[in-house]
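*Asks:*
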Amino acid sequence: MNKTLPALLLVLLATPAFAHAHLQKSMPAANAKVKSPQHVVLHFSEALEPAFSGALLLDADGRNVSGAPVVIDGPLMTLTPGKLAPGVYHVSWHSVGHDTHRLDGDFSFTVK
Amino acid sequence: MLVFGGAMLRAILRTRLPALALPPGRLLTAAALVALLSAPLTLAFTTAQMAGDSATMFDAHMLTLTMTQTLFGQVFLARLALLLLLVIGALLKWRDNQLALLSGAALVLISVTSHAAGASPANFAAIGITSDGLHLLTGGFWIGGLALLAALFVSKTEKKLLAGATTIFAEWGMIAVAILVLTGMLNAASILLGGEGHDTTAYLAVLGAKLALVVGMVALALVNHFRLLPQLAAGGSADGLLRNIRRELGLGLVVVALAALLGLLAPTM
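Those protein sequences? They're chains A and B, same order as listed.
Its first residue numbered 1, the first sequence is counted upward by one per residue in this note's numbering.
Its first residue numbered 1001, the second sequence is counted upward by one per residue in this note's numbering.
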């Protein structure tokens, strides 16, 4: 019993866990200034339901420059736009995890 | 939950108290039918939730997409098959332990797409599924068992047999409630402590209300066990116990509704 409780707490609390598919990080990162990226990769906290998740890449004029269809593999969402001209770009995403809850979000980055 | 708890307690009472005449299983059949007929609604609501558009509730293409392309859809189809079998079994008067097995499997499958599964430590979903599955099964035993007990009390069963049935339910109920509370704490801790961002007020408020009602149910169960059951066993009136069982069942049904609401709310922002 002396060892059980700490072990239980360790299992429960030591590792991060999430109830919905939150965006954890992206490449390029939000507000980053980068050269034209080959891919825009969004990393979520849990595996996504590809049929109900997606993202759009929009330029400063609101034109869709997402390029090839979004590829979703587990918690990763990848956009493959063509060469991007210098300017501000806006990523608008929506994610659905296995718990069926939908999250929406957006961020911007700048191409130098 | 009603079917699982009712069928489980019926199977136990059949073995432990053979002299007891159990009420006909009409309640079980009705509950199984409601579960089967309401399943398409769950599919429609979940599709709308995932699509972020209420119009998709009636969109055949989107409903098919949910059933064929998502984990929820696969679980939904498996549950639908189990519920169909359960209704057939209830109508054909299969044995109680077979009905308990079918309804238990249909109940546990809900946990596959639960918050607890998504919030499992290290994304190892089996931990959350096991904990949430046990939570559902023990909750089902408590609620369904209470419904069967209430039916027995109403059917004017002999007092000695009523006291025997209540005692047997209490023996199993204590184990079920202990597991229910433990798994509830585990689920809440993993969802709230492991989550990103801050906890949402609505989620905490509903969780708090659910906890308060469960405490009320436990208090009623203790009064039943330590005060009203001994009175009944000594030949006293069964009315007080029936009243309390109804109150406990009423609270239990509200708890189930709040648990369903928790499944729809976002724990953290």
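Idealized CB from N, CA, C, for every residue including glycine.
(1) According to the neighbour-count rule (16 or more other Cβ atoms, all chains shown, within 10 Å of its Cβ), is ASN1187/B buried or exposed?
(2) Please list the residues of the segment 1069–1081 of chain B that have a C-beta atom closer than 8 Å to any C-beta atom in chain A, keeping them in chain order.
(3) Please list the partners that THR1113/B has in chain A, where partner means a Cβ-to-Cβ separation under 7 Å.
(4) If the cut is a Cβ gap below 7 Å, which residues of chain B does PHE107/A touch?
(5) Identify each residue in the segment 1167–1190 of chain B for which the Cβ-Cβ distance to at least one residue of chain E is less than 9 Å, and report them in chain order.
(6) Is SER1155/B helix, strand or coil by DSSP?
(7) Between SER118/A and HIS43/A, how many whole angstroms is the CB-CB distance? I'm expecting something under 8 Å.
(8) In the DSSP assignment, find the unbroken beta strand (DSSP E) run with GLY54/A in it and report its ends.
(9) For the alpha helix (DSSP H) containing ILE1110/B, name the first residue and the last one.
(10) Answer yes or no: does any C-beta atom of chain B fall closer than 8 Å to that of PHE44/A?
(11) Roughly how many whole angstroms lie between the Cα atoms of THR941/B and LEU1232/B?
(12) Return helix, strand or coil for SER43/A, following the three-state DSSP convention.
(13) Let me check understanding here. Comparing Cα to Cα, which of LEU1180/B, LEU1009/B, THR1070/B lies closest to PHE52/A?
(14) ALA1035/B: which of LEU1220/B, LEU1022/B, ALA1081/B, MET1067/B sits nearest, CA to CA?
(15) DSSP three-state call for SER1103/B: helix, strand or coil?
(16) Is ALA55/A close to chain B? Criterion is C-beta to C-beta, closer than 8 Å.
(17) With 16 other CB atoms within 10 Å as the buried threshold, where does VAL1292/B fall?
(18) Which runs of the beta strand (DSSP E) at least 3 residues long sit entirely within the segment 1167–1203 of chain B? Give them in chain order.
(19) Hey, how far is the Cα of ALA1165/B from the Cα of ASP1132/B?
(20) Closer than 8 Å between beta carbons: that is the criterion. Which residues of the segment 49–77 of chain A meet it against chain B?
(21) Using only CA atoms, which one of HIS1135/B, SER1054/B, MET1174/B, PHE1153/B lies nearest to MET1185/B?
(22) DSSP on VAL111/A, reduced to helix/strand/coil?
(23) Using a C-beta to C-beta distance shorter than 7 Å, which residues of chain A count as neighbours of ALA1039/B?
(24) List the residues of chain A that ALA1055/B touches, going by C-beta distances under 7 Å, in chain order.
(25) LEU1086/B bridges to which residues according to DSSP?
(26) With distances taken Cα to Cα, identify the nearest neighbour of VAL88/A among VAL65/A, LEU48/A, LEU79/A, LEU103/A.
(27) By a C-beta neighbour count over all protein chains shown, 10 Å radius and 16 as the cutoff for buried, is ALA1238/B buried or exposed?
(28) Measuring alpha carbon to alpha carbon, tell me which residue in LEU1161/B, LEU1022/B, ALA1151/B, VAL1003/B is nearest GLY1235/B.
(29) Step through the CB atoms of chain A and report whether any lies within less than 8 Å of the CB of GLY1250/B.
(30) Are LEU48/A and SER92/A close, meaning C-beta to C-beta below 8 Å?
(31) Cβ atoms of THR1029/B and ALA1090/B: under 8 Å apart, would you say?
(32) Please classify LYS1093/B as buried or exposed, where buried requires at least 16 other C-beta atoms within 10 Å of its C-beta.
(33) Under 8 Å by Cβ, that's how I've got LEU1152/B and PRO1018/B pegged, so tell me the actual separation to the nearest angstrom.
*Replies:* In terms of the structure at hand:
(1) One-based indexing of the second sequence puts residue 1187/B at position 187. By the 10 Å Cβ count, ASN1187/B comes out buried.
(2) GLN1069, THR1070, LEU1071, PHE1072
(3) By 1-based counting over the second sequence, the position of residue 1113/B is 113. Correct list: HIS98, ASP99, THR100.
(4) Here residue 107/A is taken as the residue at index 107 of the first sequence, counted from 1. Ordered by position in chain B, no residue passes the 7 Å Cβ test against PHE107/A, which lies about 16 Å from the chain.
(5) Checking the listed chains, one finds no chain E in this structure; the protein chains it contains are A and B.
(6) Position 155 of the second sequence, counted from the first residue, corresponds to residue 1155/B. Three-state result, SER1155/B: coil.
(7) Absent from the structure is residue 118/A, since the part of chain A shown begins at 1 and ends at 112.
(8) Locating residue 54/A in the first sequence gives position 54, where the first residue counts as 1. Counting along the chain, the beta strand (DSSP E) containing GLY54/A begins and ends at 54–58.
(9) As a working mapping, residue 1110/B is identified with position 110 in the second sequence. Looking at the DSSP string, ILE1110/B is not in any alpha helix (DSSP H), and its letter there is neither H nor E.
(10) Within the first sequence, residue 44/A is the residue found at index 44, counting from 1. Taking Cβ atoms only, chain B never reaches closer than 8 Å to PHE44/A, which makes this a no.
(11) An answer regarding residue 941/B cannot be provided, because it is not within the stretch 1001 to 1269 covered by chain B.
(12) Counted from its first residue, the first sequence places residue 43/A at position 43. Strictly speaking, residue 43/A in this sequence is His, with Ser absent from that position. Reduced to three states, the DSSP call for HIS43/A is strand.
(13) Along the first sequence, read from residue 1 onward, the residue named residue 52/A stands at position 52. Checked all of LEU1180/B, LEU1009/B, THR1070/B; the closest Cα to PHE52/A is THR1070/B.
(14) As a position in the second sequence, residue 1035/B is number 35, starting the count at 1. Checking every option, the nearest Cα to that of ALA1035/B belongs to ALA1081/B.
(15) Here the question's residue 1103/B lines up with position 103 in the second sequence. Note: SER1103/B maps to helix in three-state DSSP.
(16) Counted from its first residue, the first sequence places residue 55/A at position 55. Not an interface residue.
(17) Any property of residue 1292/B remains undetermined from this structure, which presents chain B solely from 1001 to 1269.
(18) none
(19) Within the second sequence, numbered from 1, the residue matching residue 1165/B stands at position 165. Within the second sequence, numbered from 1, the residue matching residue 1132/B stands at position 132. Approximately 28 Å between the Cα atoms of the pair.
(20) GLU49, PRO50, ALA51, PHE52
(21) By one-based count along the second sequence, residue 1185/B stands at place 185. Out of HIS1135/B, SER1054/B, MET1174/B, PHE1153/B, HIS1135/B has the C-alpha closest to the C-alpha of MET1185/B.
(22) The residue labelled residue 111/A in the question sits at position 111 within the first sequence. VAL111/A: strand per DSSP, three-state reduction.
(23) For the purposes of this step, residue 1039/B is taken as the residue at position 39 of the second sequence. Neighbours of ALA1039/B on chain A: none; closest Cβ ~15 Å, over 7 Å.
(24) For this step, residue 1055/B is matched to residue 55 along the second sequence. Ordered by position in chain A, no residue passes the 7 Å Cβ test against ALA1055/B, which lies about 15 Å from the chain.
(25) Position 86 of the second sequence, counting from 1, holds the residue named residue 1086/B. DSSP output for LEU1086/B lists no bridge partner at all.
(26) In the first sequence, residue 88/A corresponds to position 88, counting from 1. It is VAL65/A whose Cα lies nearest to the Cα of VAL88/A.
(27) To locate residue 1238/B, count along the second sequence from 1; it is residue 238. That one is buried.
(28) One-based indexing of the second sequence puts residue 1235/B at position 235. Ranking the options by Cα distance to GLY1235/B, first place goes to LEU1161/B.
(29) Working through the second sequence from its first residue, we reach residue 1250/B at position 250. Taking Cβ atoms only, chain A never reaches closer than 8 Å to GLY1250/B, which makes this a no.
(30) Here residue 48/A refers to the residue found at position 48 when the first sequence is read from its first residue. Here residue 92/A refers to the residue found at position 92 when the first sequence is read from its first residue. No, Cβ-Cβ distance for LEU48/A and SER92/A is not below 8 Å.
(31) Along the second sequence, one-based indexing puts residue 1090/B at 90. Along the second sequence, one-based indexing puts residue 1029/B at 29. Contact flag set, yes.
(32) Your numbering for residue 1093/B matches position 93 in the second sequence. It is exposed - the Cβ of LYS1093/B has fewer than 16 other Cβ atoms within 10 Å.
(33) Position 152 of the second sequence, counted from the first residue, corresponds to residue 1152/B. Position 18 of the second sequence, counted from the first residue, corresponds to residue 1018/B. LEU1152/B to PRO1018/B, Cβ: 15 Å. No contact.
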